[in-house]
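See below for the structure under consideration.
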Amino acid sequence: MGLKRGRLIFLLVIFNLILILLLFRLVELQIFGGKSLAIKAQESRFRLISGEDYPRGQILDRNGISLTDSGIRPALIIFPYMIKEKDEFSSLISKILGVSKDLLKDSLNKKKYLIIPNLSNEQIKKIKNLNLEGTLIISFKTRYGPNSLSRHLVGHINSIDLETWKTIQNKTFFKKEYNINDFIGVKGIEVLYEKYLRLEDPLFYWIVTVDARERIIPGLSFKRIAGYQKAGRPSVVTTLDFQIQKKVEEIMDQMVPHGAVVVMDVLNGDIIALASRPNYDQNNLAECLEVRKKPDNDPFINRAFEHYYPGSIFKVLIAAAAIEEKIVNPEDIFSCSGEYVLNPQLKIGCWKNEGHGEITFKEGFAQSCNSVFVDTALHLGRKKILEYAEKFNLVYDGALIGYPRSRFKSVDISPYGEGKMANAALGQEGVRLSPVQVAGMISVIANGGHLVVPRIVKEIKDYSGRAIISYDTEKPKRVISEKTCRIIQEMMVKTTTEGTGKKAWIPKYGSAGKTGSAETGLSIDKPKYYNWFAGYFPIEKPRFAVVVMVEGGVSGGETAAPVFREIASFLAEY
């Protein structure tokens, strides 16, 4: 009996101690923690919406101007749960915004809210006039504005899918942690400099009120607050010139539906402009993917870096090597009957079916005579052609300061048969060059014989604007004599004054260059030719090399040369 009584007293003591502790905790919460609890209760009703689509560093031209057209602009925020008729809503909004109705409706069914940036004044007016429930116009910072430039070089952002996420876990290139569905650079400078460009916090947030079901309640505490990042942003500074790049793209939009343009400083290799067409919308990748289903129409391909048969553009290298090696002189006489007979079973035709007749080497260059250059190449030999291709940095493509790329064997001439050599001399077999490579080749001739390595990125700056990485130009290296260059320069001027490139001539300043047309080898419903014009200007003290490559069209002289003239005429007065 005494034992039971002792146990009851013990349990009673324990119970009272617990009760006292609970009372102390209750007093503490009421007196000292009441305010904190009230704040937490209040905060549980608020959520932060990023006021920026992709918090990232800047991508700038050589003068500090944004190439992405990043800025704070009006945007439409949509709250799908407030929309009763999503089909009708999607139809109305898609017509105003010029987006796919199906894609919009799909997003409304999946997201708690949807932000559509970069609204024009006209779009804002139309949306407000509809007075649709579940919509609100807010300010929003976008990575890509409607006037972003050099999109293929800059690249774009996209969410990490499962496959990409697995891949990047094993790459030390990405220093920061990522999660599935995070946004990451996937093309161009955006991916190459991801570790410098990616930021954690946006410029500002929108603070919004939510209900018990986590649904945003518009109109209640919808306020803008500053983000938590440092003053300033890191940046990648390119060699491009904003104004020149803009003009080049305007000209391409009028004259080059498919192709590329490269403008290079012949003295140091800096790329001043680089553009590719067709273009694409960095804010609307889904629609671009539909277009991408046609390989020759892929808008994501940077055609300035792609490799194409150069056609007669390669005759610049053949001429330089032959003259430097004293295989030929400018006044040497050749004969062109309209075809060059290698053997009774193998004949190489000239573009001029009736032939050029008796013609000098320099005239053969200006008129782009195939017979002259097949004969010259056969005398020069495969070994010498490869040697000079190596000197001009053409055998392998990949050298581009500030923009690492995988190596591509651009010149790979078969040692078997004269026919292979003949086609290579005409830039039609065993030779595939990018427009950037061609610009480098033209620069050697224009600057008097020095190889300059192309550069596209100058430096990377930190938050304070201090350069943390600099990409210096390489010292020009002499690869052919100044005498040889003067001879090639004279022949290139003859091309624009008397030959196939007359439509590239620039009054007052002059120009020099070479035309080229190469068969694409694609099916009958695809473009038949790659048409080129590659040249430099002014004639006195050359400064810029301009390379134009157009997929389709008539010929290099008819299709590409006028594009060169428009671009060079602007540069001459810039």
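In terms of the numbering used here, the sequence shown has 220 at position 234, counting the first letter as 1, and numbering is strictly consecutive. Virtual Cβ for every residue (Gly too), placed ideally from N, Cα, C.
Taking 8 Å as the upper bound for CB-CB distance, Val252 and Tyr522 are in contact here, some 6 Å apart. For a cut-off of 8 Å, the C-beta gap from Tyr295 to Gln414 is around 6 Å, short enough to register as a contact. When rounded, the separation of the alpha-carbon atoms in Asp227 and Asp47 is 6 Å.
In this structure, Ala352 is the residue among Thr506, Thr483, Ala352 with its C-alpha nearest to the C-alpha of Val302.
Restricting attention to Asn409, Asp458, Gly120, Val358, the CA atom closest to the CA of Lys98 is found in Gly120. In this structure, the beta-carbon distance from Ile35 to Tyr164 does not fall below 8 Å.
By the Cβ rule, the segment 433 to 440 counts as touching the segment 457 to 469, because three or more pairs are nearer than 8 Å.
In this structure, DSSP gives Leu226 a state outside helix and strand, which the three-state scheme calls coil. Relative to Met478, the option among Ile431, Phe394, Ile442, Glu468 whose CA is nearest is Ile431. DSSP places Pro60 inside the beta strand (DSSP E), whose first and last residues are 57 to 64.
Counting every other CB atom within 10 Å of its CB across the protein chains shown gives Phe32 a total below 16, marking it as exposed. The segment 263 to 272 makes no contact with the segment 317 to 329, as fewer than three CB pairs between them are under 8 Å. Bridge pairing for Met250: Ile257, Ala531 [DSSP]. By the C-beta criterion, the segment 213 to 228 is judged to be in contact with the segment 438 to 452, since at least 3 inter-stretch pairs fall below 8 Å.
If you check the CB distance, Ile230 and Ile258 come in under 8 Å.
Counting along the chain, the unbroken alpha helix (DSSP H) around Thr362 starts and ends at 356 to 366. Non-local beta-carbon contacts of Ile455 in its own chain, meaning distances under 7 Å to residues more than five positions away in sequence, involve Glu445, Ile446 in chain order.
The criterion of a C-beta distance shorter than 8 Å is not satisfied by Val358 and Gly367. Excluding sequence positions up to five before and after Arg418, its CB lies within less than 7 Å of the CB of His293, Tyr294, Tyr295, Ser396, all in the same chain and listed in chain order.
Pairwise C-beta distances place the segment 468 to 475 in contact with the segment 305 to 316, as three or more of them are shorter than 8 Å. The beta carbon of Asp398 is closer than 7 Å to those of Gly416 in its chain, skipping five residues each way along the sequence. Residue environment analysis places Gln240 among the exposed positions, since fewer than 16 neighbouring C-beta atoms fall within 10 angstroms of its C-beta. Here the alpha carbons of Ala547 and Ile58 stand approximately 40 Å from one another. Put simply, of Glu176, Thr224, Phe519 the residue whose alpha carbon is nearest the alpha carbon of Arg129 is Glu176. Secondary structure of Cys336 (DSSP, three-state): coil. Around the beta carbon of Asp88, fewer than 16 other beta carbons lie within 10 angstroms, which makes this residue exposed. Excluding sequence positions up to five before and after Leu183, its CB lies within less than 6 Å of the CB of Arg42, Gly43, all in the same chain and listed in chain order. With respect to the C-alpha of Leu332, the residue from Phe169, Lys406, Ser93 having the closest C-alpha is Lys406.
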